Structures are given as structure tokens and as C-alpha cells.
Amino acid sequence: MVLVFVEHDGGEPDELSLQALTFARGYAADAPVEAVMVGPGAAEAAPALGDHGVATVNVAEIDGGFAPQAWARAVAELAGRLSPAAVIAAGSDRGNEILAHAAVMTGCVLAANCVAATPGEPAEVTRMRWGGSLLEEARVHGAMALMTVAPHAVAIEPAPGDAPAVQAFAPELQEQDLVVRVSERVDTSTGGLSLADAPVVVSGGRGVGSAEGFAPIEELAELLGGAVGCSRAVTSAGWRPHTDQVGQTGTKISPDLYIPCGISGATQHMAGCKGAKKILAINSDPEASILASADYAVLGDVAEVVPAITAELRRARQTAAS
Ligand SMILES: Cc1cc2nc3c(=O)[nH]c(=O)nc-3n(C[C@H](O)[C@H](O)[C@H](O)COP(=O)(O)OP(=O)(O)OC[C@H]3O[C@@H](n4cnc5c(N)ncnc54)[C@H](O)[C@@H]3O)c2cc1C
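So for the sequence shown, the working numbering puts the first residue at 11; every next one is plus one.
Pasting the structure below:
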């Protein structure tokens, strides 16, 4: 049996978790796949897993919002009881965090960001390292392998079956398990468009110069129906929140069009945007390494080029409308 930690939101299973379920079914072969879900809305999201080959959904009853150690305790306790061959989760921030805690609690090994795995003793995995620039072949020793699945490495393949049995359980928590927990959620003003899914992303780097310098970037992004991103130099300077960061330690994006403005193109940044279909770079330095990855480039000052593009787009749209 293979156990999968499934994330959910708004009563629906998360897309990356459905990818993890497809991966898990391949790993399990003919063995059953069970799921574990935690948090408000888990019971509502559970029945949908019947379309993804899950026989039983174990719903951990823990009051309140996300509490990494408490949720990991639920996964570890269940794994101790069910003795699965593997515990698998999405390679999301949450999936990696939960399984890292669960690995410590169970004394088992975690292989993060896997793209393929073959069961056995030891299990063999291929996993992404260095923001996807390197694929590592590794062996995972121990009776139970813990793995997270690299986002978008596996396409979701539904496997419709009977409605799963839903079993609630109350994990035995320790006092320190609830010390770290989400106490409040504040919505960002993205107008419902997420950086990861936006068809167009306009990002600013150090070359934008200041937090205020992002106003023309925001205007262009809005005009193109896109989202605003940034480099780590920007989040480190406190000009934008970390949720806007594109890169190895930020969000991985794959828009139709990516417009990096005043961004040099460090490997850690490119690791987050190499899925972009087209890149239009705006930079004042003809030697900037981002130009090597760009399909189009405008050499110039971001403070002049971005407003000029916006003005031209508005003019062209007005002409088309009249
Ligand atoms: C472990 C690790 C993880 C990291 N993760 C990430 C990550 O997830 N994302 C990320 O972005 N970085 C990440 N970094 C940092 C990364 O190495 C770079 O330092 C960072 O991407 C640089 O940001 P930048 O391109 O905005 O700044 P810089 O490298 O300083 O580049 C600024 C660019 O702006 C141009 N410029 C300057 N003025 C203007 C102007 N007026 N008009 C037009 N162009 C102008 C310059 O020519 C230059 O090309 C990571 C680093 C490490 C070590």
C-alpha cells in the first residue's frame, strides 16, 4: 500500500496533489493507494479522490489552520499504523515541509522533488536538484520511502473508481506540535490571478530601482492581463513580497510571455522561468546574461522602455477599437 498526503483548497483537491496521486499509482502498481488529508474542508474534498484511484481517505481531525508539525504528526502516526511501502506528497512548499517533519518523526529517509521512482529495497528515485538543472539518481534505503513529486513532472491521469471510504481519525498530538501554526490569512491584491498560472508575467529586478519604480511594471502587467513578478534582489530589498519572487527559491512560472525588466538573468532566477514560452528582456546592459535566454530584447532604461510599451499598447488598442 502507498499513502499520499493530499492538499486541498475550497473543498477541491490541489492539482499538484493529483499529480502526486498519479505518480503514486504508478509506484504502487497493483497495490492500493490511500490518502491522508488534514485541515478545514478535507472531508468535503475527500470524495473527489475516487476519480484518482484512491480506495480510502483518512481525514485527520485537527482544529484550526495549517500547523506543519501537527499535520506531519498525523501523517507519521498513520504511516506507523498502516506500514505503507511509501509515503508520497506533492513537491509543494507544504508537501515538502510536512514530509520533512514526518521523516524525522518516523526515522525514515525523504527524497524530495522526484520525477520517477522504482519500488524495491532500496527504492530507486530520480530527483530534480539545483532548480531543475540536474537530475540525480538515488537509492532510498529503509522499509518505507518518503518522496515528494516535482511540480509538473507528472501529468494528472484520472482513474475513476468507486467512491472512497472516508475514515476520520484524531492523531495524538504533542504540546509542541501546535506551537507553529497559521493564525490568520490575508489575501493579496492579485485580483485572483496567481503568478504560477498567469499567461503573462512582467517582472522587475534591481534595475527597477525602488518599490515605487514598480508602478509602470504593474500598469503593463494589468494591461496585458498578467501578473507582477520580481527577482530576489527585489524581495531582499523589501520592495515586493516574497510571494512575487520568481526563481529557484520563489515561484516557478510558465507563461506564454515573460517580460523581465532590469533583471540580470542569474541561474537561480532562470530556474523559475525556463518554462516561459517567449521571453522579452528589457535591460540597459547589452552584456546581461538574460539576453542569451531571451527571444526578444529591448536595450534601454526600464523607466523609459516600460512606459513607452504601455503607451504604444494603449494607442494600438484605441486605434483597433475606433
Ligand atoms: C541559493 C540561492 C537561491 C536564489 N534564489 C533566487 C530566486 O529564486 N530568484 C531570483 O531572482 N534570484 C535568486 N537568487 C539570487 C540570484 O543569484 C541573483 O542575485 C538575483 O537574481 C539578482 O537579481 P537581479 O537580476 O534583480 O539583480 P542584478 O543581478 O543586480 O541585476 C540587475 C540588472 O538590471 C540591469 N539594470 C540596471 N539598471 C537598469 C535600468 N535602469 N534599466 C534597465 N536595466 C537596468 C542591469 O544591467 C542588470 O542586468 C538566489 C541566490 C542563491 C544563492
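Note that beta-carbon positions come from the ideal geometry of N, C-alpha and C, so glycine has one too.
It should be emphasised that the depicted structure is a prediction, and the values quoted were computed from it without experimental measurement.
Distance CB(valine 16)-CB(alanine 45) smaller than 8 Å: Yes; because the gap between Cβ atoms is below 8 Å, this pair is in contact.
For proline 270: DSSP bridge partner residues: In the DSSP assignment, proline 270 forms a beta bridge with Ser213.
Applying the 10 Å Cβ sphere with the 16-neighbour rule, what's the burial state of tyrosine 37? That one is buried.
Alanine 175, buried or exposed, once every other Cβ within 10 Å from all chains shown has been counted against 16: So alanine 175 counts as exposed.
Which word fits tyrosine 306, buried or exposed, when buried means at least 16 other C-beta atoms lie within 10 angstroms of its C-beta? Counting other Cβ atoms within 10 Å of its Cβ, tyrosine 306 stays below 16 and is therefore classed as exposed.
Is it the case that the CB of aspartate 295 approaches a heavy atom of ligand 1 more closely than 7 Å? Yes, the Cβ of aspartate 295 comes within 7 Å of a heavy atom of ligand 1.
Is it true that the CB of glycine 219 sits closer than 8 Å to the CB of serine 241? No, the Cβ-Cβ distance between serine 241 and glycine 219 is not below 8 Å.
Comparing the CB of glycine 260 with every heavy atom of ligand 1, is any distance shorter than 7 Å? Glycine 260 has its Cβ nearer than 7 Å to a heavy atom of ligand 1.
Exposed unless 16 or more other CB atoms sit within 10 angstroms - verdict on glycine 8: With the chain running from 11 to 332 in the structure shown, residue 8 is simply not present.
Ordered along the chain, which non-local residues of its own chain (more than five positions away) have a Cβ less than 6 Å from that of leucine 323? Closer than 6 Å at Cβ, skipping near neighbours: Leu233.
Option nearest leucine 290 by Cα separation, candidates Arg91, Glu228, His279, Leu309: Among Arg91, Glu228, His279, Leu309, the Cα nearest to that of leucine 290 belongs to Leu309.
Candidates Pro78, Pro132, Asp103, Ala121: closest to histidine 111 by CA position: The shortest C-alpha separation from histidine 111 is found at Pro78.
Is valine 316 a contact residue of ligand 1, with contact defined as CB to any heavy atom under 7 Å? Not under cutoff, so the answer is no.
Return the Cβ separation of alanine 55 and valine 43 in integer angstroms, given the expectation that the two are a contact with Cβ distance under 8 Å. Actually they do not touch by this definition, with Cβ atoms about 16 Å apart.
Glycine 272 CB to nearest heavy atom of ligand 1 below 7 Å: In this structure, glycine 272 has its beta carbon less than 7 Å from a heavy atom of ligand 1.
Taking the CB atoms as reference points, tell me whether threonine 320 and glutamate 228 lie closer together than 8 Å. With respect to glutamate 228, threonine 320 sits apart: the two C-beta atoms are not nearer than 8 Å.
Sequence ranges, alpha helix (DSSP H) only - wholly within the region 101 to 146, length at least 4: Listed in chain order, they are 103 to 116.
Could you give the residue range of the alpha helix (DSSP H) that holds methionine 280? That run of the alpha helix (DSSP H) goes 277 to 283.
When you measure from the CB of histidine 252 to every non-hydrogen atom of ligand 1, does any distance come out below 7 Å? No.
Would alanine 237 be called buried (16 or more neighbouring beta carbons within 10 Å of its own) or exposed? It counts as buried.
Sort Ala302, Pro265, Pro251, Glu182 by Cα distance to glycine 275 and report the nearest one. Measuring from the Cα of glycine 275, the nearest candidate turns out to be Ala302.
Below 7 Å CB to CB, which residues in the same chain sit around alanine 370 once its five sequence neighbours on both sides are set aside? With the chain covering only 11 through 332, there is no way to say anything about residue 370.
Contact set for proline 209: own chain, Cβ-Cβ below 8 Å, skip 5 residues either direction: Listed in chain order, the non-local C-beta contacts of proline 209 below 8 Å within the same chain comprise Gly235, Gly236, Pro265, Asp266, Leu267, local neighbours out to five positions each way being set aside.
Could you please give the first and the last residue of the uninterrupted alpha helix (DSSP H) stretch that includes glutamine 79? Membership of glutamine 79 in the alpha helix (DSSP H) is indicated by the continuous run 78 to 92.
Check whether histidine 18 and glycine 51 have beta carbons under 8 Å apart: Yes, these two residues count as a Cβ contact at 8 Å.
Tell me which residue opens and which closes the beta strand (DSSP E) that threonine 259 is part of. Threonine 259 -> no beta strand (DSSP E), and no H or E assigned at all.
Closest by C-alpha distance to alanine 122, when choosing among Arg104, Val211, Glu131: It is Arg104.
So for leucine 323, helix, strand or coil by DSSP? Residue state, collapsed to three classes: helix.
Under 8 Å, do valine 173 and valine 150 count as touching if we go by C-beta distance? Residue identity check: residue 173 is alanine in the sequence provided, not valine. Alanine 173 is not a Cβ neighbour of valine 150, given a cutoff of 8 Å.
Using the Cβ count rule (16 or more neighbours within 10 Å means buried), how would you classify aspartate 311? Exposed, because fewer than 16 other Cβ atoms sit within 10 Å of the Cβ of aspartate 311.
Comparing the CB of alanine 243 with every heavy atom of ligand 1, is any distance shorter than 7 Å? At least one heavy atom of ligand 1 is nearer than 7 Å to the Cβ of alanine 243, so yes.
What residue from Asn106, Ala318, Glu25, Trp81 has the CA that sits closest to valine 189's CA? For valine 189, the closest of Asn106, Ala318, Glu25, Trp81 by C-alpha to C-alpha distance is Trp81.
Closer than 7 Å: aspartate 103 CB and nearest ligand 1 heavy atom: Incorrect: aspartate 103 has no Cβ contact closer than 7 Å to ligand 1.
On a Cα-Cα basis, can you pick out the residue from Glu297, Leu88, Ala165 that is closest to alanine 126? The shortest Cα separation from alanine 126 among Glu297, Leu88, Ala165 belongs to Ala165.
How long is the line joining the alpha carbons of glycine 171 and proline 57, rounded to whole angstroms? Approximately 11 Å, taken between the alpha carbons.
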